[in-house]
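>
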Amino acid sequence: MNAATETPASSRFGAFALVFGICFAILYVICDMAALPLFTYHPGTDRIDFGYAPARRDEGPAMYWYGWLASSALGASLFGILAALLPEKVRGKIPSALAWIVPVVLLPVLIYSLKFYWRW
Amino acid sequence: MDFILDYISVNTFWTILFMVHALLAVALLGALTHQAAAVLSRPRTSAAGGFITRFRSVSGPSYAAAVCVLWVLTFIFGGWIYAKYRIYVRIPIEQEGFYKTLGAFELKEHFTTIGLGFLPFYWHLWKNARNAAFDSARKWLTVVLAGICWYAFLTGHILNNVRGFGL
């Protein structure tokens, strides 16, 4: 494919990077809202539990953010690799505008997911 | 890392980490703001002109690798101090009832994480800066990342004013 017809996602790396970014963002929001961390970290005791684990009595809070990151990165990597394996014609049709549209669309979803904090 | 604590206090250690995180964020903010200004309104004349013209006259591609490295480093330091924040900063703020401050900070964590995921594509877009087909995506993704960076910087600053490390 020459430079004139090349799109941001027509190369294998471009397709991987674009699909990785989109899927990472969407999966991260799903993992956050559906409580799907790959692991749970308990900072008070440095304990790590696989999957979701509630905070333990007298051991401080549980942290899920690291686990959401891991879940999203794993899922997005799989989708990214699949996108990179697509034929060049198909890869080239993935709209690169999704790279900025997806974060903008997810903004109100994330604000809603934090509704617990917006108390007046 | 424990040997460091033979020389400095635990509070000093975490405060240093936080300061490194904050300084990296300042550098990232500067780089991304220059780049976003350059893609939003490229000046017709180079070199000559006032402060605004010079501010947006930077060569965007030369900033891309630095932005990626700074974002990742800032993120790593942020993720490192996040565990201490969860216990020593967030809990007292919860007890004082500053829920909107906490919510704004949670949103910062979400935004910066999403921004992290788009860095490979951002780098790819800037690596091909001469390809006109990449212009629109490059422009708007850069602007979105700059917006995330500004939000994260200001929110982090506010939270540190409410209760920083070492208190």
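Respectively, the protein sequence lines represent chains A and B.
Going left to right, the first sequence walks through residues 357 to 476 as this note's numbering numbers them.
Going left to right, the second sequence walks through residues 1356 to 1522 as this note's numbering numbers them.
Using N, Cα and C, we set each Cβ at its ideal position, and we do this for glycine too.
Note that the structure is a prediction, hence the values are computed from the model and not measured.
For the region 1447 to 1478 of chain B, list every residue whose C-beta sits within 7 Å of some C-beta in chain A, in sequence order.
Answer set for the region 1447 to 1478 of chain B: Y1454, K1455, L1457, G1458, E1461, L1462, E1464, H1465, T1468, I1469, G1472, F1473, P1475 and F1476.
> Determine the contact status of A1391(B) and T1510(B), defining contact as a CB-CB distance below 8 Å.
Not closer than 8 Å, so no.
> So which residues on chain B does P393(A) lean against when the C-beta distance must stay under 8 Å?
Here the premise fails: no neighbours, minimum Cβ distance about 13 Å.
> Under 8 Å between beta-carbons, which chain A residues line up against S1491(B)? List them in chain order, please.
Simply S452 and A453.
> What residues from chain A crowd round L1514(B), counting only those whose CB sits closer than 9 Å?
By Cβ distance, chain A contributes nothing, its closest Cβ being about 13 Å from L1514(B), past 9 Å.
> Out of curiosity, what's the CA-to-CA distance linking L1474(B) and E415(A)?
The straight-line gap from Cα to Cα measures roughly 36 Å.
> Verify whether the separation of the beta carbon atoms of T1429(B) and H1479(B) is less than 8 Å.
Not in contact: T1429(B) and H1479(B) (Cβ atoms no closer than 8 Å).
> Rounded to whole angstroms, what is the Cα-Cα separation between L1522(B) and I1431(B)?
Residue confidence is low: L1522(B) scores 48 on pLDDT, short of 50, so the model does not pin down where it sits. Its coordinate-derived value is still stated next. Taking the straight line from one Cα to the other gives about 23 Å.
> From this set, A1492(B), T1468(B), E1449(B) and L1395(B), which residue's C-alpha is nearest W424(A)'s C-alpha?
Nearest C-alpha to W424(A): T1468(B).
> Taking DSSP as the reference, what is the three-state secondary structure of F395(A)?
F395(A): strand per DSSP, three-state reduction.
> So, do the region 1413 to 1422 of chain B and the region 390 to 410 of chain A have three or more beta carbon pairs nearer to each other than 8 Å?
As far as the Cβ criterion goes, the region 1413 to 1422 of chain B does not touch the region 390 to 410 of chain A, which means the pair count is below three.
> If distances are taken between C-alpha atoms only, which option among R1397(B), L1387(B) and K1455(B) comes closest to A1412(B)?
As written in the sequence, residue 1412(B) is Ser, which differs from the Ala given in the question. Of the listed residues, the one whose Cα sits closest to S1412(B) is R1397(B).
> Using beta carbons (cut-off 8 Å, strictly below), is W1435(B) in contact with chain A?
W1435(B) does not count as touching chain A.
> So, helix, strand or coil for F1460(B), using DSSP?
Note: F1460(B) maps to helix in three-state DSSP.
> Does the beta-carbon distance from E362(A) to A1488(B) come in below 8 Å?
Yes, they are a contact pair.
> For T363(A), go through chain B and note every residue whose CB falls closer than 7 Å to its CB, in chain order.
Ordered by position in chain B, the residues that pass the 7 Å Cβ test against T363(A) are A1488.
> Mind checking which residues open and close the alpha helix (DSSP H) that includes F1489(B)?
First-last for F1489(B): undefined, no H or E at that position.
> Residues in the region 1403 to 1436 of chain B with C-beta within 8 Å of chain A's C-beta atoms, listed in sequence order?
Cβ contacts with chain A come from G1434.
> Less than 8 Å between CB atoms is the rule here; does L374(A) satisfy it with respect to chain B?
Answer yes: the Cβ-Cβ gap between L374(A) and chain B drops below 8 Å somewhere.
> Thinking P459(A) and A381(A) are a contact (beta carbons under 8 Å), I'd like their distance in whole angstroms, please.
Contact flag correct, Cβ pair sits at about 6 Å.
> If we call anything under 8 Å between Cβ atoms a contact, is G1472(B) one with G377(A)?
Yes, they are a contact pair.
> Within this structure, are the beta carbons of W474(A) and W1495(B) separated by less than 8 Å?
No, they are not a contact pair.
> Would you list the residues sitting across from R1445(B) in a DSSP beta bridge?
For R1445(B), which the question treats as bridged, DSSP gives no partner whatsoever.
> Contact criterion: CB-CB distance below 8 Å. Does L470(A) meet it with respect to chain B?
Interface residue, yes.
> Which first and last residues belong to the beta strand (DSSP E) in which R403(A) is found?
Residues R403 to F406.
> Got a sec? Which residues, its chain only, sit under 7 Å from I1407(B) by beta carbon, not counting five neighbours each side?
There are no such residues.
> In this structure, does DSSP put M1356(B) in helix, strand or coil?
If DSSP states are grouped into helix, strand and coil, M1356(B) belongs with coil.
> So, with DSSP's three-state summary, where would you put L1522(B)?
Interpretation of L1522(B) is limited by its pLDDT of 48, a score under 50 that renders its predicted location unreliable; the figure taken from the coordinates is listed afterwards. It is coil, neither helix nor strand.
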